[in-house]
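A quick write-up on the structure given underneath.
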Ligand SMILES: Cc1cc2nc3c(=O)[nH]c(=O)nc-3n(C[C@H](O)[C@H](O)[C@H](O)COP(=O)(O)O)c2cc1C
C-alpha cells in the first residue's frame, strides 16, 4: 500500500460504520463467512442492500456463485466474532454457534440484525466486487451494535436530547418525568430483583430470611447483633424470630447460646447458591444490552452512590 493509499484509507476511516459478518456456502457446501464494514442500505422498494468484497478474498468464488448471502449486523459484545471472520486462517466457524438456513447458508445464533438476501447484482468496483442483495427476510434483536471507526472498534452511545435533561421533577404539580434519577434507580432495583425475589418467596423465604442467607454466604459466621447491624440499611434486618425460623428450616445453625455465631448449613448454602446462579444468569442477559464501557461506568456510578448514601453502613467486603 502506498503512502497516498494509506492516507486515503485513514480519511475513509473517519466514516463510522457498523460491522457485519456476511455468510454464504461454497460449492462443496462448506460454510463461508467474512467480516465486512462496507455494508449499506440501498433501497426500500424493492428492498436492496449492498456490500463489497476484495477480489483477493478467499471467499470470493463462493459469494460469486452461491446466489445469496446472510448479513449479520454484529452486537457490541461480538468483537471476537468480527476478528475471527476477518482472518483468512483456520476454520472460522469452529466453536461458533450457528445453524443453516433453507438456502444452505450459515446463520449465526447471535446478531443485532440479520438480513437474508438473494444476490441481485454484482458490480465491478475497482479492486472489490460490489454485491447488491434483495432482502428476503430480516430479524432484529434489541442489542447495542458494534461500531468501527478510525480502524478501531467503538461503542455507540445515543445522545440525550436537551429537553430530556430539564425539569425532571415538578414540585408544584407533584409530577416527575421518566428521567428522574432516584425513580430510575429504585425502579431498576425492583425490576432487576423481581425474578429472584419471586423464586425465594415461592420457596417460602421472606426478604429478611433471604438477606440473612446472602450476608452469611458472603461473610461466614456472624453474631445475631452483627447480622442485624449489617442488614439495617435494607429495612429488613432479621430478628430472633427470623433466626429461629431459618434454623427450623435447617438453613442456618448457631454455635453456643443465643449470642453465638450464626452460620449457613450445607442446605442453606445450597439454597442461596441456586438463587445466586439465577441472579447471575439474569445479569448475563442484561449485560448483553450494554457496551463494556457502559457497564464499567454503571459499576463506578452505583458504587459511588452506595458510598455517598451509606457511609455509616458496615462494609460487606
Ligand atoms: C472491521 C472490519 C471490516 C472489514 N470490512 C471489509 C469489507 O467490507 N470488505 C472486504 O473485502 N474486507 C473487509 N475486511 C477484511 C476481511 O474481513 C478480511 O480480508 C478477511 O480475511 C477476508 O476473508 P477471506 O479471505 O476468508 O474471504 C474487514 C475487516 C475488518 C476487521
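In this note's numbering, the protein residues as written are 1 to 317.
For every residue, glycine included, the Cβ atom is placed at its ideal position computed from N, Cα and C.
For residue 26, the distance from the CB to the nearest heavy atom of ligand 1 is not below 7 angstroms. Residue environment for residue 72: buried (at least 16 other C-beta atoms within 10 angstroms of its C-beta).
Short note on residue 19: C-beta closer than 7 angstroms to some heavy atom of ligand 1. When secondary structure is reduced to three states using DSSP, residue 146 falls in the strand class. In this structure, DSSP gives residue 228 a helical state, which the three-state scheme calls helix.
Inter-residue distance for residue 59 and residue 86 is about 11 angstroms (C-alpha atoms, whole angstroms).
In the structure shown, the three-state DSSP call for residue 53 is strand. Within the chosen limit of 7 angstroms, ligand 1 does not reach the beta carbon of residue 41 with any heavy atom. In terms of Cα proximity to residue 118, the closest of 68, 39 and 242 is 68. Contact between the stretch 96-105 and the stretch 141-152 is not established, with fewer than three Cβ pairs separated by less than 8 angstroms. Residue nearest to residue 122 within the set 238, 52, 25 and 158 is 52 (criterion: CA-CA distance). Residue range 181-202 is occupied by the alpha helix (DSSP H) that includes residue 186.
Within the chosen limit of 7 angstroms, ligand 1 reaches the beta carbon of residue 148 through at least one heavy atom.
The Cβ atoms of residue 9 and residue 70 lie no closer than 8 angstroms to each other. Not one heavy atom of ligand 1 is found less than 7 angstroms from the C-beta of residue 291.
Residue 212 sits in a helix when the DSSP states are folded into three classes. Scanning its chain for C-beta atoms nearer than 8 angstroms, with the 5 sequence neighbours on each side dropped, one finds around residue 278 the residues 195, 196 and 199, in chain order. Judged by DSSP secondary structure, residue 23 falls within the beta strand (DSSP E) whose first and last residues are 20-25.
C-alpha of residue 131 to C-alpha of residue 287: approximately 34 angstroms in a straight line.
In this structure residue 176 does not touch residue 213 by the C-beta definition: roughly 35 angstroms separates them, more than the 8 angstroms allowed. Here the distance from the Cβ of residue 8 to the nearest heavy atom of ligand 1 is not below 7 angstroms. Checking the 7 angstroms criterion, the Cβ of residue 82 is within range of a heavy atom belonging to ligand 1. Beta-bridge partners assigned by DSSP to residue 153: 148. With contacts defined by Cβ atoms closer than 8 angstroms, residue 167 and residue 55 do not form a contacting pair. The beta-bridge partner set that DSSP reports for residue 248 is empty.
Between residue 13 and residue 150, the beta carbon gap of about 5 angstroms places them in contact (Cβ cut-off 8 angstroms). Each residue's CA atom was taken as its position, placing residue 61 and residue 7 some 30 angstroms apart. Ranking 40, 98 and 5 by CA distance to the CA of residue 33 puts 98 first. In the pairwise beta carbon analysis, the stretch 252-264 is classified as not touching the stretch 228-239: fewer than three pairs are separated by under 8 angstroms. Only residues of its own chain outside the window of five on either side were considered, and among them 51 and 52 have a CB closer than 6 angstroms to the CB of residue 38, listed in chain order. Between residue 153 and residue 113, the C-beta gap is not smaller than 8 angstroms, which leaves the two residues out of contact. The continuous alpha helix (DSSP H) containing residue 306 extends over residues 292-309. Where residue 83 is concerned, the enclosing alpha helix (DSSP H) starts and stops at 79-85.
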